[in-house]
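Written below as structure tokens is the structure these notes are about.
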Amino acid sequence: MPSLVRRALLMPLWLAQVLSQEKFFARNPVIGSRWLNERGLHTARVELAHRLAASRRRRLARLIDAEDRERLDRDGFIVKRDFLPAALFAELAAQIRALRTPAREMVEGDTVTRHIPLDPAVLARVPAARRLLELPEYRNLIGYAGSSAAVPMVYIQTVLSRAVDGPADPQRDLHTDTFHPTVKAWLFLTDVTPEAMPFVYVPGSHRLTPQRLEWERRMSIRASERAGQPETQLVRAISRDELSEVGLPQPELISAPANTLVVADTFGFHARGASAEPTTRVEIWAFGRRNPFLPWTGLDPWSVAGLGLRKPNLYWKSVDLLERFGIGRQRWRQRDAVSAFDPA
Ligand SMILES: O=C(O)CCC(=O)C(=O)O
Ligand SMILES: [Fe+2]
8 MPSLVRRALL MPLWLAQVLS QEKFFARNPV IGSRWLNERG LHTARVELAH
58 RLAASRRRRL ARLIDAEDRE RLDRDGFIVK RDFLPAALFA ELAAQIRALR
108 TPAREMVEGD TVTRHIPLDP AVLARVPAAR RLLELPEYRN LIGYAGSSAA
158 VPMVYIQTVL SRAVDGPADP QRDLHTDTFH PTVKAWLFLT DVTPEAMPFV
208 YVPGSHRLTP QRLEWERRMS IRASERAGQP ETQLVRAISR DELSEVGLPQ
258 PELISAPANT LVVADTFGFH ARGASAEPTT RVEIWAFGRR NPFLPWTGLD
308 PWSVAGLGLR KPNLYWKSVD LLERFGIGRQ RWRQRDAVSA FDPA
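Under this note's numbering, the residues of the sequence shown are numbered 8 to 351, in order.
Laid out in structure tokens, this is it:
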């Protein structure tokens with residue numbers, strides 16, 4: 008199709024995406040327009056999304072402990088040791104160790120990430136995970152940090168560092184995930200030591216200060232210059248020197264024994280820590296992201312009839328289909344019958 012016709016046909020979609028969670032500059036010539044970003048398009052999206060997130064959070068605030076709320080507001084993350092009652096955690100770990108099931112794997116640099124979604128079939132075999140998902144404290148911490156009551160996607164995640172030949176894992180660079188408050192949560196099933204892939208977070212970097220907004224503006228212009236090229240995580244990376252220019256402290260390493268829950272707003276700068284040796288980290292990993300311009304906290308169509316539990320598989324299948332038609336690339340490759348604890 009001549010590119011002018013293609014552009015005219017896609018323009019309504021590109022415009023609509025301005026008020027969505029679309030974050031890629033390279034994939035949308037409106038969001039990735041240097042001219043528009045110099046005139047404040049990106050920063051306007053950042054500011055509006057943050058304003059709406061703050062008002063949604065105010066409504067979710069009563070659902071969590073005052074102390075937890077203060078921590079999340081201050082640091083952008085929270086660490087809860089011994090999160091599950093010991094007996095429930097032991098059951099969860101044993102059920103996951105006994106589980107062999109189809110999974111998906113993705114290679115990034117020298118690191119392999121394996122995902123086993125907590126879908127109805129897996130939950131039938133890992134009933135302790137269903138009890139975790141139903142825990143109000145788990146749901147509400149994730150909801151507050153992500154400023155949304157929508158159901159997150161939850162997986163058994165295995166991260167195998169230095170498992171294949173390749174450049175360094177790009178997740179090791181400090182970065183922000185997107186332009187608005189968003190949540191990821193890790194319930195460690197293995198012990199995480201400071202030398203073996205700790206979670207790294209810059210305390211307080213989830214706040215939208217004037218310096219951060221200025222960083223966002225510069226980043227968006229830099230990223231727009233690269234529009235058309237494949238976009239990587241690196242677009243949203245920040246160097247340690249830049250951190251102090253933006254008025255932020257140096258990052259903190261978060262290591263903790265199994266059964267620790269970490270919940271973080273990954274608009275804040277974070278990374279995966281280095282590992283001295285090849286390491287396997289296994290965790291229950293939740294990821295919540297939704298259109299940040301919605302004024303309400305609930306009204307989530309995925310919450311109906313457990314539909315949200317099927318979201319990861321539906322997502323993968325739709326990308327498989329796009330790849331079959333030659334309009335996408337599936338990074339998540341199918342594996343039959345693996346355990347979360349298997350090597351790469
Ligand atoms: O695995 C980690 O510790 C962090 C990786 C990361 O940056 C992310 O999941 O957004
Ligand atoms: Fe990240």
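Ideal Cβ positions, reconstructed from N, Cα and C, are used throughout, including at glycine.
Please read all numbers here as calculations on a predicted model, not as lab measurements.
At a cut-off of 6 Å, is residue i close to ligand 2 when judged by its beta-carbon and the heavy atoms of the ligand?
i       : result
Thr-216 : no
Glu-184 : The residue you asked about is not Glu; residue 184 is Asp in the sequence shown. Asp-184: yes, Cβ under 6 Å from ligand 2.
Thr-273 : yes
If you check the beta carbons only, do residue i and residue j fall under 7 Å apart?
i       : j       : result
Ala-135 : Glu-98  : yes
Val-190 : Gly-315 : no
Ser-212 : Leu-255 : yes
Asn-320 : Asp-180 : no
Pro-264 : Ala-60  : no
Asn-266 : Asp-89  : yes
Asn-298 : Ser-27  : yes
Ala-293 : Ile-123 : no
Val-207 : Leu-250 : no
Val-352 : Ala-152 : The chain is shown only over 8 to 351; residue 352 falls outside these bounds and no answer can be derived.
Ala-110 : Arg-317 : no
Glu-330 : Arg-338 : no
Leu-79  : Ile-85  : yes
Thr-273 : Leu-67  : no
Val-119 : Ala-156 : no
Asp-82  : Pro-210 : yes
Asn-147 : Leu-70  : yes
Gln-218 : Val-161 : no
Phe-276 : Ile-228 : no
So the candidates are the options; which of them puts its Cα closest to the Cα of residue i?
i       : options                               : result
Val-345 : Gln-164, His-49 and Ala-156           : Gln-164
Gly-116 : Leu-167, Arg-224, Ala-230 and Trp-193 : Leu-167
Lys-30  : Arg-137, Val-242, Ser-10 and Glu-112  : Val-242
Asp-72  : Pro-124, Met-18, Pro-143 and Met-160  : Pro-143
Met-113 : Thr-183, Ala-203, Phe-206 and Gln-178 : Gln-178
Thr-183 : Asn-147, Phe-195, Arg-46 and Leu-215  : Leu-215
Met-204 : Arg-219, Pro-217, Leu-11 and Pro-285  : Pro-285
Thr-200 : Val-37, Pro-308, Leu-328 and Gly-280  : Gly-280
Val-1   : Ile-103, Met-18 and Gly-313           : Beyond the ends of the chain as shown, which are 8 and 351, falls residue 1; an answer cannot be given.
Arg-58  : Ser-282, Ser-154, Leu-268 and Arg-121 : Ser-154
Ala-352 : Arg-121, Val-133 and Arg-233          : Beyond the ends of the chain as shown, which are 8 and 351, falls residue 352; an answer cannot be given.
Ala-105 : Arg-13, Leu-17 and Val-133            : Val-133
Arg-225 : Ser-325, Gly-47 and Val-37            : Gly-47
Ala-278 : Leu-220, Asp-176, Arg-296 and Gly-295 : Asp-176
Tyr-145 : Pro-174, Arg-233, Trp-193 and Arg-107 : Trp-193
Leu-55  : Pro-302, Leu-328, Gly-333 and Pro-258 : Pro-302
Glu-141 : Leu-220, Gly-313 and Glu-77           : Gly-313
Phe-195 : Arg-14, Asp-248, Ser-262 and Arg-247  : Ser-262
Is any heavy atom in ligand 1 found nearer than 6 Å to the beta carbon of residue i?
i       : result
Gln-164 : no
Arg-121 : no
Gln-178 : yes
Phe-348 : no
Arg-111 : no
Arg-219 : no
Phe-276 : no
Arg-169 : no
Phe-206 : yes
Arg-279 : yes
Once the 5 residues before and after residue i are set aside, which same chain residues still bring their CB inside 6 Å of it?
i       : result
Gln-24  : Asn-35
Pro-350 : none
Glu-202 : Ala-283
Arg-340 : Glu-112
Val-326 : Gly-335 and Gln-337
Less than 8 Å between C-beta atoms, sequence neighbours within five positions excluded: which residues of the same chain meet that for residue i?
i       : result
Thr-197 : Ala-265, Thr-287, Arg-288, Val-289 and Glu-290
Glu-223 : His-49, Thr-50, Val-53 and Phe-186
To which residues of the same chain is residue i closer than 7 Å at the C-beta, ignoring the five residues directly before and after it?
i       : result
Ser-231 : Phe-32, Gly-39, Ser-40, Arg-41 and Asn-44
Arg-138 : Leu-95
Arg-64  : Tyr-151 and Ser-154
Leu-22  : Val-37
Arg-7   : Nothing can be reported for residue 7: it is not among the residues displayed for the chain, which extend from 8 to 351.
I'd like to know if residue i contacts chain B, where contact means its C-beta is closer than 7 Å to some C-beta of that chain.
i       : result
Gly-335 : Included in the structure is just one protein chain, with no chain B present.
Exercise for review: Could you pull out every unbroken alpha helix (DSSP H) segment of at least 4 residues lying fully inside the segment 129-200, listed in chain order?
Suggested key: If we require 4 residues or more, the alpha helix (DSSP H) runs fully inside the segment 129-200 come out as 134-141 and 143-153.
Practice item. May I have a chain-ordered list of the alpha helix (DSSP H) segments no shorter than 4 residues that lie completely inside the segment 85-132? Key: When DSSP assignments are scanned along the segment 85-132, the uninterrupted stretches of alpha helix (DSSP H) that are 4 or more residues long and fall wholly within it turn out to be 93-104 and 127-132.
Exercise for review: Can you check the segment 26-71 for any alpha helix (DSSP H) of at least 4 residues that lies completely inside it and give the ranges in chain order?
Suggested key: Listed in chain order, they are 41-45 and 48-67.
Practice item. Mind listing, in chain order, the continuous alpha helix (DSSP H) runs of no fewer than 4 residues lying wholly within the segment 210-262? Key: List check, alpha helix (DSSP H) in window: 217-232 and 247-252.
Check your understanding: Where in the segment 293-336 do unbroken runs of the alpha helix (DSSP H), each at least 4 residues long, occur, reported from the N-terminal end onward?
Key -> Listed in chain order, the alpha helix (DSSP H) runs fully inside the segment 293-336 are 318-331, counting runs of at least 4 residues.
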